Structures are given as C-alpha cells and as structure tokens.
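Remarks on the structure that follows.
Numbering (our numbering), first residue to last: 988 to 1524.
Printed below as a string of structure tokens:
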C-alpha cells in the first residue's frame, strides 16, 4: 500500500513538472518578438478598412480644418515616445491578431493597372547622379512621381488615433465618424498600413503638350499618375495634399479612393517653391459608400524623428495602385538641387532622407511613423545604377503651414469657352542662363503688350517680369496660361510684376481687368519657351 502510494505520488510530481515545462514553453513562445518592420508589402488598390489616427502634435493654426474622421474603421494609437528601430509590441493573446485578414482585406488582394503612362518631362534633378521626381513616369534617366496633411477640420482637433476598438459611431453631413479607445506602443508595418490606407488616394492627371515634328507643331494629351493624402474637409469639399509637380499644368485631375471609386478634382492651390499643392473634391461627388471607407490622415511631429527610426511609405507606385514599403530615417535636413522644365534651378531644403522604397508614382504620398501618423510628403528619389535607397520627403513641420494657406484659397472651376479670358501680352520664360548671368527673376518676361489690351490698361510694360497671378506663383508661360483657364472675362485680378529700376528689380502689384479671349489678337500670349536672353544683352 505504501509502495503504491509512493509510486502514485511520484507520478503526480512528474506530471506537475511536465505541466510546468509546458507552461514555460508556452510563455517562451508567447513572448517571442516578431519584427514586421523589415518586410515590404505590395498592395494594389487595397480595400482595407483603416482607422482614424490621432493627431497630438499639429499646431492650432490647422485646427479649423480639423474634424472627426471622414469615415472608416478605427484602430488604436498611443502616447508620443521616442523609438529607435524598436520591435513592435506583440498584441496580447486575447487581442485579435493583426495577421487575420478581414473580408475586405482578402478582397483587396488583386492587381489592377491604370494603363500605360506616357513619360513626362517635369522636374529634372540636377546632379551628376540623375535625380527623379517620383511622378509615376519615366523619361530617360528621370522619373516623375505624380502620384499631401490632415486630421483637422471644421474648427476642432479631430483627436485621431490608430484605433483598435470602436466605441461610438456618428454621422454628420453623410460622413461617418468613429471614436475609440487607444492602444499603447508602436505598431507593425501591417497595422500602420491598415490604419493609414483609408487616407490615401491615387491621383490621375491629363496634360496637353506641344510636340514639335517635321510637319510642324501639334498638341498631344499626356496621362500621368501620382499620389495624395486626405488632409481635411470643409462644408463642401474634401481636401487632398500632394506635390505641385504632380498637378502642374494638368488640364484634368481625378482622384481614386481606397474603394476604387474615382471622382473629378480641382486644383485649389499650389506652391512651386516648396513643391506642394492642395486639390479639392466636392463632397457631393463622393459616393456615400466611399465616405464610410475614407478618413482624414492623422498628423505626427516630424521634428521628433530620430536617425534610424522606422518609417513606412505609401503611394501609387507606377500607377498600379497603393503599395507599402518600409525602412528607416537615414538623415534629416537634406538639401537637394534640381531644375524645372525650363532649366531653371530649384532647391529643396530640409528634406527627410529614407531608404524606404519611393518609386515612380509615389510623389505626394505619405511617409508615416510607426504610430501610423503622417510625418512627411514623399517627393523624390535618386535614380542611378550606382545609387540605391535614397528617397526624400518634405517634413510635415515644413509642409503644414504651407498646406494650411493653400487650403484657404478659393477653389475655382475652369471657365467655359464663352467666358474665357486673356491678359494681352506676348511672353517668354526666363531661361536658366538669363537668371544666373543677368539676375533676371524667374517668371514670364513680357516681350510685347497689346495696345489698349487688358495688360496695357493696367500699366504692364515690355520687359516686366510676371511672377504672380492672384496669389498663384508664376514661373513659366505654361503657369500663366493654366491660371487664366480658371478666370472669366471681366474679372479683376492682382498681378505681381518685377520691373527694373535703379539697377535692380522691384516688385509691384497691378490690378488687371481680364478681357474676353474672343477679342485676343493672335500675336499675344505666345506659349513658346525661348531659351535665350530675352533682353538681347
């Protein structure tokens, strides 16, 4: 009896030890870190319900654009901390695994193509290493990225966070908003993408180019693609940030949302110096089902970024649809030299350098921290066989005040032919040589003024340089002609000119009453660009 009891007791002890070993093994497995931040995700036109992010850093100036999410599912955000390529926090066992895909996520895994894109000749990056603006197109060794801040609308901070558990849902003006609890720590690449994707859009444009041939000059429509980020909303419009070079000279702009629904958009404002632009979509044009899928981007603080910190880039790469790549912050405060279409020198300062892949079509897309917050607008990359992993983004701290100003500009529709206007000048672009050798301001040099025309009556003279048109910066004749398409005959417009006086150019403002285009003489507003010294000196 004693032996049986002792044997039974030993069996129980052995079983207890075995259970303890199993428990230890489970704990070991449960605590194993998996680092998703080194993975690259390529999603084409995903339909993943994302989440509203939380903006805890934007300044009060943008507050009037803040509002609740434009819609969509939610996930959790965290407190602001510093991270140096930290592995993302593994969710608790009782949390829903981020690897489990929703029906929408499974449905999203398909490939679509926006068709062939014709190369464009926008910005040319001027170094021995050819520079490429990420425009969704390739022209020789130059790539362009037609493919920007949000979370703030209607006078309130939208307090968006990467949400995980929805608490309440409300509707205002047909737009769904969701509040939720928040989650601490950083996130995996998949979680960041899942949260931010509803704020991303694909931008398609059409521009008209004059083609020189043996038989003469003819016009050709050139399609292009780029990226954008939903940055705000007012009573009538959804506001989207992108790069200026994405929409520059576009005759037509359309925006495709996460559910592939596409609507026409208008250019609200542009900033050539900083390569930023805002386009607007009428809320009345956005389908109700789309409103429930999209949201305003959550803003982060680019000033808090540290070298080596993990980041995620999202954009409409190659025009195929939204794709996700990841990397780290390689450097800050980078300066990049560039040239525009006319060969005029341009310089971008204070850029974020990253090794996250920024491909053609990513221009205007988002650079995100591991909280899913927007911290930069993707702009350019080096394109050279000897250079790898050098992409650049405009930091949010620089972009935010500029975008705020652009969002305040009046949205205009193109006027019909019956109301089309003209200025009454013959002009030419200032060449890079003239700018550097003679100090001629970048803009449009007035070569001839139509007698008794709109410009003549306003006091514009030959050899004046037009540099602005109703708060729009003018750097070329193409800029001026494009701006005129949105102003009707009889409208009064403030035109900025620079006139030579006492050995230097002085800026002046004149008010021009635009004339009817039907009255325009054939010799005025010559769109041709002459790469010569316009003053014959």
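All C-beta atoms in this analysis are idealised placements derived from N, C-alpha and C, irrespective of residue type, glycine included. All values derive from a computational prediction rather than experimental measurement.
- Cβ-Cβ separation between residue 1507 and residue 1409: approximately 4 Å, consistent with a contact (criterion under 8 Å).
- Annotation for residue 1459: 1470 place their beta carbon closer than 6 Å to its own, counting only its chain and skipping 5 residues before and after.
- In the DSSP assignment, residue 1485 falls within the unbroken beta strand (DSSP E) covering 1479 to 1488.
- Annotation for residue 1476: no alpha helix (DSSP H) segment contains it, and DSSP assigns it neither H nor E.
- In the three-state DSSP reduction, residue 1365 falls in the strand class (E or B).
- For residue 1223, the three-state secondary structure derived from DSSP is coil.
- Residue 1377 carries a coil assignment under DSSP once its states are collapsed to helix, strand and coil.
- Shortest Cα-Cα distance from residue 1488 to any of 1497, 1472, 1450, 1455 involves 1450.
- Counting only residues of its own chain and dropping the five nearest sequence neighbours on each side, residue 1238 has a CB closer than 7 Å to the CB of 1193, 1194, 1195.
- With 16 or more neighbouring CB atoms inside 10 Å of its own CB, residue 1255 falls in the buried class.
- Between residue 1432 and residue 1417, the beta carbon gap of about 6 Å places them in contact (Cβ cut-off 8 Å).
- In this structure, the alpha-carbon of residue 1296 lies about 10 Å from that of residue 1318.
- About 6 Å separates the Cβ atoms of residue 1266 and residue 1240, confirming a contact at the 8 Å cut-off.
- Here residue 1447 is not near residue 1455, since their CB atoms are 8 Å or more apart.
- Boundaries of the alpha helix (DSSP H) around residue 1423: 1419 to 1425.
- A residue is called buried when at least 16 other Cβ atoms come within 10 angstroms of its Cβ; residue 1473 meets this threshold and is buried.
- With 16 or more neighbouring CB atoms inside 10 Å of its own CB, residue 1224 falls in the buried class.
- By alpha-carbon distance to residue 1310, the top candidate from 1484, 1187, 1400 is 1187.
- Rounded to whole angstroms, the separation of the alpha carbons of residue 1214 and residue 1351 is 5 Å.
- DSSP places residue 1348 in the coil class of the three-state scheme, outside both helix and strand.
- DSSP places residue 1429 outside both helix and strand once states are collapsed to three, so it counts as coil.
- By the beta-carbon neighbour count (other beta carbons within 10 angstroms, threshold 16), residue 1303 is buried.
- Under the three-state reduction of DSSP, residue 1256 is assigned to strand.
- Where residue 1179 is concerned, the enclosing alpha helix (DSSP H) starts and stops at 1176 to 1183.
- A distance of 8 Å or more separates the beta carbons of residue 1190 and residue 1218.
- DSSP places residue 1251 within a strand segment (E or B) once states are collapsed to three.
- When DSSP reads this structure, residue 1197 sits in a beta bridge with 1206.
- Burial is judged here by how many other beta carbons sit within 10 angstroms of a residue's own beta carbon; residue 1201 has fewer than 16 and is exposed.
- Residue state for residue 1313 is assigned as strand, using DSSP reduced to three classes.
- Annotated as proximal: residue 1245 and residue 1281, with beta-carbon spacing under 8 Å.
- For residue 1429, the closest C-alpha among the options 1466, 1400, 1287 is that of 1466.
- Cβ atoms of residue 1355 and residue 1298 come within 8 Å of each other, at about 6 Å.
- Short of 6 Å from the beta carbon of residue 1243, and not among the five residues preceding or following it, lie these beta carbons of its own chain, in chain order: 1189, 1249.
- Proximity to residue 1385 across 1423, 1413, 1339, 1414 peaks at 1339, based on C-alpha coordinates.
- Annotation for residue 1207: 1196, 1198 place their beta carbon closer than 6 Å to its own, counting only its chain and skipping 5 residues before and after.
- Contact check for residue 1228 against residue 1362 fails: the beta carbons are separated by 8 Å or more.
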